[in-house]
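Worksheet: one structure, shown below.
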Amino acid sequence: MECAGKGRGTRCMGSARRRCGRCGAVAYCSVSHQMSHWNEHKEECERLEQQMKRADVLNDFPFTFSQEATATSQVCEKQGSRCSFLSKRGIHQLGMWMHECCCTNSEESSSSLASFDSLRSKDDGWNLSGDLCPCHDPISPISECVSSWLDYYEWRCIPLHSPVALLLHWPLTIYHAAHIAGVWSSTVETRKLCVHYLGPEKELLQLAAFGELLALFPGVQIHIEFIGPSIPRQRDGEKISLCSYAHCLDADCICNFSSENLSQIANTGKSTSVTLQLRSGFYHERYRDLAEDLCPHLVIAPNSGIAAYPSWLPTIAFLKARVPECLLMEWNFRLSHEFADHGTQQQS
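Just so you know, my numbering puts the end of the sequence shown at 668, numbered straight through with nothing missing.
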């Protein structure tokens, strides 16, 4: 969890382990950051306290690890940690899992984003055995009945104790958004999908997980523009092609043979591709730089944090005026409904 007082004049002193004693929903790296944030937090504290009393609703997942891994469980019960959860599965501080706990502090995270050493490293796989992750083509084509995590795990033949959902929520959010925004049918017909993905942060170090879009959108040419200030300027404009799924640890698995990794067209008989492009800066400032032939079918802003980051306000104003289909995922329930009233689709 990120320090709620981050960016308030002084640098964070470490991990955010000091929780608000009343609501327990936010955490701070130090007493000074907690005190400096109080004037802002006190207006939300009571509401967050009430929401935390209903936190068990957020743990309503089919996974066998739900109570152990979800943030709300750790907040409410004060037991366990994401680190211990990952360690038990042998994936703590490995590859794409490196930024799923507090062990990588904010300075290390910024350094990784700046150099992209972790972004396209040799270790871009799941670091799990083949039976625990989607590392190759599905046995059967996807159907419209995949509307929940249980449906997805069954379709991909993944056991419910597999932790891959912690990373797969990125590509599955795109899949779900395409359905609720009503662009799924047109995507199937045109075989093209262009997504503008706003404000990416740690997912920039987990891009291999987006290879699952090959299975979620068979036969579709997918282009995703990642746009946000966390993208280093020296990487602005860079294109990345994902031609295969993130691989597993099994040496004899088909996903670890280069010929398989390069034969998506041969295997499916359809031209499926995923291209990612990086854009540094704010969306409302960079929109004009995007190619006219890449007009988005969908704009997504995961975990936007509108209340915490005022820089979102001009972007939201721009979205309302220019973009027909936009999905903002906002942790602040009250703000979600305020912005929904203005016509932008929200999901809290």
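Where a beta carbon is used, it is the ideal one built from N, C-alpha and C, also for glycine. Note that the structure is a prediction, hence the values are computed from the model and not measured.
For A621, the enclosing beta strand (DSSP E) has its first and last residue at 618-621. Each of K512, C332, C568, V346 was checked against the Cα of L618, and the nearest Cα belongs to K512.
In the DSSP assignment, V515 falls within the unbroken beta strand (DSSP E) covering 512-518. Of S593, R331, L614, M321, the smallest CA-CA separation from C340 is found for M321. For V594, the pairing in a beta bridge is given by DSSP as I542, L562. Your pair I560 and R606 does not check out as a contact, with CB atoms roughly 18 Å apart and the cut at 8 Å. Listed as beta-bridge partners of R339 by DSSP are A347. Under the criterion of beta carbons closer than 8 Å, H516 and E545 qualify as touching, at roughly 5 Å. The beta-carbon separation of H543 and L614, rounded to 6 Å, stays under the 8 Å limit for a contact. At a Cβ-Cβ threshold of 8 Å, G531 and A566 count as neighbours.
If you check the CB distance, F602 and P549 come in under 8 Å. Look at R374 here: in three-state DSSP terms it is coil, with no helix or strand label. Just so you know, the alpha carbons of E363 and E420 end up roughly 29 Å apart.
Going by beta carbons, V466 and T507 fall outside the 8 Å limit. Ranked by how close their Cα comes to the Cα of C573, the residues L414, F385, D457 have D457 in first place. Rounded to whole angstroms, R402 and S335 show a C-alpha spacing of 13 Å.
Annotation for S600: I551, R553, D556 place their beta carbon closer than 6 Å to its own, counting only its chain and skipping 5 residues before and after. For the pair N447 and I411, the Cα-to-Cα distance works out to about 6 Å. Taking all protein chains in view, the Cβ of C477 is surrounded by fewer than 16 other Cβ atoms within 10 Å, so the residue is classified as exposed. Per DSSP, reduced to three states, the secondary structure at I500 is helical. Non-local beta-carbon contacts of C343 in its own chain, meaning distances under 7 Å to residues more than five positions away in sequence, involve C365, L368, E369, M372 in chain order. Here D444 is buried. Its C-beta has 16 or more other C-beta atoms within 10 Å. Judged by beta-carbon spacing, S449 lies beyond the 8 Å limit of C575, meaning their Cβ atoms are not closer than that value. Judged by DSSP secondary structure, W446 falls outside any alpha helix (DSSP H); it is assigned neither H nor E.
Of the candidates T384, C323, F381, L452, the residue whose Cα lies closest to the Cα of W358 is C323. In this structure, DSSP gives S482 a state outside helix and strand, which the three-state scheme calls coil.
In its chain, beyond the 5 residues on either side, A347 have a beta carbon closer than 7 Å to the beta carbon of R337.
Cβ neighbours of W475 within its own chain (closer than 6 Å, five residues either side excluded): V466.
Burial check for I620: the Cβ neighbour count within 10 Å reaches 16 or more, so the residue is buried. In this chain, A571 is not harboured by any alpha helix (DSSP H), its DSSP state being neither H nor E. Cβ-Cβ distances below 7 Å link E521 to S550 in the same chain, with the five nearest sequence neighbours on each side left out; the list follows chain order.
Here DSSP, grouped into helix, strand and coil, assigns S467 to coil. Going by DSSP, K408 is part of the alpha helix (DSSP H) stretching over 402-408. DSSP, reduced to helix, strand and coil, places I547 within a strand of the structure shown.
Non-local C-beta neighbours of C453 in its own chain, meaning closer than 6 Å and more than five positions away in sequence, comprise W446, V484, C568, ordered along the chain.
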